[in-house]
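Protein chains in written order, with my numbering: chain A, 3 to 107; chain B, 118 to 760; chain C, 107 to 600; chain D, 727 to 1201. Heads up, the beta-carbon is just placed ideally off N, CA and C, and yes, glycines get one too. Note that the coordinates shown come from a computational prediction; the quantities given were computed from them, not determined experimentally. What follows is a short report on a single structure.
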Amino acid sequence: MIPGVSIYEILTVTTLLFFIGIYGFVTRKNLISILLSVELMLNAVAVNFVVINKYLYPDMLQGVYFSVFIIAVAAAETALAISIIINLYRLATSVEVKATETMKY
Amino acid sequence: MDFTYTILIPLIPLAVFLILGINALKIKENVAGIVGVGGLLASTILSFYTAFQYFFKVGKVDGVYQTFVEKTVWMNFTDTLAIDMGVLIDPISVMMLVVVSTISLMVHLYSRGYMHGDQGFTRFFAYLSLFSFSMYGLVLATNLFQIYIFWELVGVSSFLLIGYYYTKPSAVAASKKAFIVTRFADFGFLMGVLMIGYYTGTFDFMALNNPAALQDLSSPIMQYSGITFMGFSVITTALVLIFAGGAGKSAMFPLHIWLPDAMEGPTPVSALIHAATMVVAGVYLVARLFPMFYFVEDGIALQVVAYVGGFSSLFAALIALTQHDIKRILAFSTMSQIGYMMMALGISGYGGVEGLGFTASMFHLFTHAMFKALLFLGAGSVIHAVHSNVLQEMGGLRKYLPITHITFLIAALAIAGVPPFAGFFSKDEILAAAYESNRLLFWVEWTVAGLTAFYMFRLYFGIFWGKERVYKHTPHESPLSMTLPLMFLAIVSAVAGFVPFSQFVSPDLAGYTTHIHMNIAAMSVGVGVLGIAIAWIMYKKETDIADKISSAFGFLYKWTYNKFYFDEIYLFVTREIIFKRIAQPFAWFDKKIVDGTMNLIGNSTVDISKKIKGAQSGKVQDYAFAFVSGVVIMVMVFIYFMN
Amino acid sequence: MDILSLFITVPVITILFLTFTKNLQQVRIVSLVGMLIQLGMSINLLFAYFKERAVNTDMMVFTKDYVWFESFNIHYAIGVDGISVALLLLTSIVVLAGVFISWKVTDLSKEFFISLIVLATGVFGFFISIDLFTMFIFYEIAVIPMYLLIGIWGSGPKEYSAMKLTLMLMGASAVLLVGILGIYFNSNADGGPLTFNLLEIAQVNIPFEAQKLFFPLTFLGFAVLGALFPFHTWSPDGHASAPTAVSMLHAGVLMKLGGYGIFRVAMYLLPLGAIDWSWFFIILSSFGVIYGALGAIRQNDLKYINAYSSVSHLGMVLVALLMMNKTAWNGAILQSLSHGFMTALFFALIGMIYERTHTRDIHKLGGLLKVMPFISAIYIIAGLANLGLPGFSGFVAEMNIFVGAFENADLFRRVATVAVVSAIVVTAVYILRVVGIMLMGPIKNEEFNDLPASTWYERYGVYLLLIPIAGMGIAPLWLSDMILDSLTPFIARF
Amino acid sequence: MDFSSLLLMRHEFVLTAILLLMIVGEIFVSEKNKKNLVFLGIILFAIHTAIGLLPLADGTLFGGMFKTTILTHFFKSVLNIGVLILLLQSGDWLRDKVAGQQKASEFFILIFSSLLGLYFMISAGDFLMFYIGLELSTLPITALAAYESLKQKSSESGVKLILSAALASGTSLFGITMMYATSGSLFFDAMTITASNLTILGFLMFFAGLAFKISLAPFHFWTADVYEGAPISVASYLSVISKGAAAFVLMILLFTLFRPLESIWINLMYGIALLTMFIGNLFAIRQQNLKRFLAFSSIAQAGFILLGLLSVDKLGATTIIYFIMIYVFSNLGAFGVVQAISNATGKENIDDYDGLYRTNPKLSLVMLLALFSLAGIPPVAGFFGKFFLFMAAASQGYYLLVFIGVVNVTIALYYYLLVVRAMFLRKSENSIPHFNSKPMMRLGLIITVLGILSLGLYSPLYEYIFEISNSIFKL
């Protein structure tokens, strides 16, 4: 509950954040930065949960818990993704998206 | 009186056919001959016994010949409509039995000599028996459908016999032609039968040929006669269609084209099928339904019969003048004589002396069968001797083939209508009948009588007199097995005329007495003798008159020689129109359009999948984009529908 | 085990035995014995039927009913009437003949006979079942083995033909399935439970709209199998590529499923729809009659000729079915039977000729009557039977069709009738064309002179098919009366 | 508190136990015995499957976060059997190819944890549990997709999978937040779903995430690539187990939680079903690699599953579960054969199968049955599954959709027959030589074949599902 800041502003921000994430996902050339964009999306969601929880339903903490779990899962996800990307780098000596276009049609 | 045994008359030849047919390859020639002839002899005896019993034992009951029917259901169409199988014994069927048996027996005997040494001997006799079976069945038929069934069967046996020399392309073509043309006619016949069946509710002759019912428009068989088709009562239409079937079998104009080609068959076959018996089936059919033809709508259908018959006889006679193949000449003369019979039926009345035409027609059928069979068998004997059937390659054969010569002469005189031979009486009656009822047709037939006499004697002189030809090996008289039938038939054709035919056969089954009509007889004999005389002048000695005349009437000659180009017209219709213009486009349409569309559906599916493969680009970001846009589209669609 | 279920179990057992066979000889013996038993059973069934019919006046006799999927009210329900009895007899005879004819199949023979008998099982099942669901299952079971049979043992462009045939028939079954489901979900129109059972549905009066919607679907679904114009194109290619026995079975029996299904399902269950749509399908099918006949005139491949003549003959069946009276229907059933025997006989003979001369092009053949008299003579007989010569089954069937079709007095049906009748002429033309070119005339190819004569199994196969053709043609009364009597419940619906 | 209630989580506990056992084994078993861990894992899982079949009471735990009903119980057993077959089929591969690299037990650990995730997803009672289950089922598989660390394709598929998965989960989470905002709770029972715009927006985004897992068009693009790159057992796990579970969950959620939005998602399913069927089939037609081929075919199958959703009642639920069950067996059969051949020869293209029947008749017959079952040809099970789905759709009067569906069956039949053609019709001199498949593989295939042959004809099974599928509405 931040005084003077209505839920709408925050939600607008998070929504922007989410779509920036998507935009980044679709446009980045580098796998790592794509990963970062994914993180952006997830964080947007996490913030969403907290805010909705605090502003609309302050009597329970479901949203907060949820955001905690999101953060944890996101961490795991990132770790896994990074390891796979490293493995890919070992094989393709590149972390560009181009390196992942051998299978198509 | 019980005539059930007559069922054996057809069944015996059937049995023979099955025996010979199933092991055609095993049975030896002489065995086959004996079995075949024996079987037919039995049927013949039965037929004559039947005739004797029918006409003399039973005779007339209160002045009318009885009709005996033995039948059993063969197949049910509906509760009321069914096909029966059975035998119908009345004057004309008995008369036909006699004719068929006699000729068939003679031909069987003759064939034993004529076909001697042919490797298909057994097959030939099997076919002959099949034909005899079918013909008997046709003659004895109790209803339209039965007659149609055996009608088809005689057609197929004729097909088999014409194509007997199946390695000869011309024979194959002829047999095909014969079958298909008659089949085409049978299409009409069948339609007629269907119409009769539907509108009168029965196929049975006894029910159909009931004059009282036919004249009373409320009777069950005439109840629908009010319905008209192209201005005629449906019944009339049906009768005309049925006559079309008959015309096909009897080679009436314009369905006659198959008959000359049919001469490709062995000569005995031509004698049996294409001269004496099968080709007159059409006449028999009309005679069978004569009451219907006569009473329905005052015999409009009968008019058709008369004119078609009359025209055909003239048409055929003209063609016969110029042909060179002796069998074809005989074939055309057959056609013309059948035209006579049709015409006679056509102009006949019903009761008493009125029915002279009917009687005459049947009488002529009877006598004609005898002498025309004789002519063919004689011709066969000639061909057997000189191994050719072209007139130009013959001449002066009378001293080589004395018996054949005499018998042939008798037959020729008979057909030319010279008294006291059989032809004279029947032809005289026909002309008399025509004179009474239709002058135009009378004069036509009178001319035809002259023409007949002329071309017959052209043939006769051409073969047996004229200039001596050089033959590869000198011709010799045929064996007894062949000449015996000739002599027998010669005697018959000489005396058959004295049978008091009208006593036995008349439309109303009552019978009556006829006398020679002197003036008409004089006219017909006169024109006949005239024809003979001209032939004598032109062909007795080797002269060039014939060529002069033929060149004088150049194009007329060419026309008649080419049978008025009828074959060509038919060829054009079948080859050019039906095959090229109809069937071929159909085949194309099927291959390209119908099948094409089916394949198109399949191929286009595959093509689409080729086209869209790019979507699976392998770029994870494209996938993401697709994912997001998928969501967006869903949302937009939802918004569109909700608001 | 009841008398009818045996018709499925015996083939299945035969198949099981086949899987354990070691060599070609065993394969032949097993399949022959199995199918002999099958034939024996159908003959036995025929007499049993007559005996039963004398005391039992139900539409279907020997009915058995086992619940299968309770919640859908799907049953394994079986029963027969005169029609199905006749068709069962046809099937078992043709299958047995097929076994004889394919005696010489050596490549993967075990698999061949297995698939052949699987096909037969489907057909048997189809004819005995009175539950739409089981009917549909058997229908597809009968269709699918064709792919392997044509694809593996066929000739010519076999992969193309096999795929085309399978897909077109499956596409048809797509339409059919919609129709069947439509019937099912309207079978509670009178408030009863939903059911697939033919007899129960027949008691319900399905609303007219539903009938109008689902009749064409059901009709088409079956009619494609019945080679209705313009969905016939699978049949010429399929037959041309298929091995002999398969063509026999397919043209002789499988295509009959179409007409039977149309009659038993589409028309019996949806009479109003049938009346409403008949004009349209009469146009198609009567056109198909002429079309097939004319198509046959121009073909040079024996199998194509026969395939197109099948299109024409089965077109007659469809027309007759749509003519809506007992006589025509009787004709249709008889035509199904007679065409089944005749076309099977034709394909058998074609197979023999091809086996010897290695060509099916009639212009390459000639004068066969001299070199292989038995086969050629039978071919001529079959041809004459095919063009409806009295004394053979074709005549009986066609006359029933014609008379029945003629019962309709309105102009439209009259025209259709005349068109159909006129086919007898065209038929004669193409039959005689083949006979003239191929069997008669001089011998075209000297090698033909020393061709082997027909073997015992070929003769058995041929006789097996020839006897019923002649039998039906000479003494049709018992058969046609049996069928006529079974038609009463159908006519009652119209 | 009474711990006996925890027995409701029997599946989860037993599986966790096995999981830990495997880890322990991984740690303590000596190098040369690592191979035998494969047997250990399979045997343990077999035991787990057996235990799973024991009856289980309905009930909820953790205040409704975790629910189990006879239906979920049944479905978990289906998944167990599926995984068991899958393990049997990949056992030889693990022993011969992988065990050398000391990674055999990892495979089990990851598979089991993913399965655990599916369990939680299935019996989730609120979105948190659901989310955890979802991620827990996805992440290990992404690791497994990249399992063959020496193959670039494998890593590539791993990358593609994890990135797309992240995107998907992100999207669905965002949707969840919206629904949370409108309904004020994350507990399914406590949530009051109303057809407000925000809720529907949220639902759609959430659905996208689930659709990704079921690989419905247009969220399916990852499928083919991942399947191709990943090891076959992983591909088959993705296409059979996780897809099936996700479809099951989708059904439960739509039928219970999102019932208020029925009018909306019915149309949505209608459209998606059409799209998915066509996309799947049209792409499958021209595939050469069997893994891609099966990927697209499984997409098409998913499209058929949606037909069942159109009738929101017992019938729909039953047909869907029944179909999934049959689909598990059929697809495992197909994948099994592909794996057997790929293990023996490394060949994965349709052309390589030319003349297979003449060299390996048994395998070809298994493949034939599996493909016919996928295509829906009687009398094998697939036919019944499809037919009943069509009945479900038709029962609501969607005849047009049914028709299109059957047309798609025909298209599908075409490409399945292409494989049959290669195996049976074609002859080839360099066709795959004869080989005897390993005992475990053989066992796995035999089980699938038995399933394919019996499941359809044995009606009591369907009736049983029909009985228990009531409980879905009690959730």
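Item                                                                                                                             : Value
CB contact check: F742/B to chain A, cutoff 8 Å                                                                                  : yes
Integer-rounded CB distance, given that I1076/D should sit under 8 Å from Q726/D                                                 : There is no way to answer for residue 726/D, as the model of chain D reaches only from 727 to 1201.
Which of helix, strand or coil DSSP assigns to T339/C                                                                            : coil
Cβ contact check for the segment 1090 to 1106 of chain D and the segment 1170 to 1179 of chain D: 3 or more pairs under 8 Å      : yes
Complete runs of the alpha helix (DSSP H) confined to the segment 790 to 814 of chain D [at least 4 residues]                    : none
Best match in V535/C, L400/C, V521/C and G188/C for proximity to L152/C [C-alpha to C-alpha]                                     : G188/C
Beta carbon proximity, M43/A to chain D, threshold 8 Å                                                                           : yes
6 Å Cβ shell around G469/B - same chain, five flanking residues per side excluded                                                : Y629
Cβ of T897/D within 8 Å of any chain B Cβ                                                                                        : yes
Complete alpha helix (DSSP H) runs within the segment 11 to 73 of chain A (minimum length 4 residues, chain order)               : 33 to 58
Residue(s) in a DSSP beta bridge with N303/C                                                                                     : D237/C
Buried or exposed (CB count within 10 angstroms, at least 16 for buried), K680/B                                                 : buried
For E585/B, the three-state DSSP class (helix, strand or coil)                                                                   : coil
Proximal residues, the segment 235 to 248 of chain C versus chain D, C-beta separation under 7 Å                                 : I243, E246 and I247
Proximity test, Cβ basis, 8 Å: Y410/C and chain D                                                                                : no
Under the three-state DSSP convention, the category N193/B falls into                                                            : strand
Minimum Cβ-Cβ distance from T1071/D to chain C less than 8 Å                                                                     : no
Option nearest A437/B by Cα separation, candidates I666/B, F488/B, P377/B and L402/B                                             : P377/B
From F1061/D, M977/D and G859/D, residue whose alpha carbon lies closest to that of L1036/D                                      : M977/D
Beta carbon of F541/B nearer than 8 Å to that of I527/B                                                                          : no
Opening and closing residue of the alpha helix (DSSP H) in which A613/B lies                                                     : It is not in any alpha helix (DSSP H) - A613/B carries neither H nor E in the DSSP assignment.
Contact set between the segment 701 to 712 of chain B and chain F, restricted to residues whose Cβ is under 7 Å from the partner : Absent from the structure is chain F; the protein chains it does hold are A, B, C and D.
Short Cβ contact (8 Å threshold) for V425/C with A515/C                                                                          : no
Proximity to S249/B [Cα-Cα], best of M223/B, M232/B, F238/B and F262/B                                                           : M223/B
Under 7 Å from the C-beta of E269/B: neighbouring residues of chain C                                                            : L495 and P496
Terminal residues of the beta strand (DSSP E) in which V186/C lies                                                               : I180 to V186
Assigned secondary structure, V167/C (DSSP; H/G/I helix, E/B strand, else coil)                                                  : strand
Within chain B, the residues that I24/A reaches when beta carbons sit closer than 7 Å                                            : V745
Residues near W948/D in its chain [Cβ-Cβ closer than 7 Å; skip 5 each side]                                                      : K886, L887 and S890
Reference Y457/B; option with closest CA among L557/B, L548/B, G567/B and T722/B                                                 : L548/B
Which of helix, strand or coil DSSP assigns to N260/B                                                                            : strand
Partner residues on chain B for F1009/D, Cβ-Cβ distance less than 9 Å                                                            : S726, I729, K730, A732 and Q733
Contact between the segment 303 to 311 of chain B and the segment 563 to 571 of chain C (3+ Cβ pairs under 8 Å)                  : no
T394/B beta carbon less than 8 Å from that of I220/B                                                                             : yes
Euclidean distance between Cα positions of F320/B and L406/B                                                                     : 11 Å
Per-residue DSSP class, three states only, for L942/D                                                                            : coil
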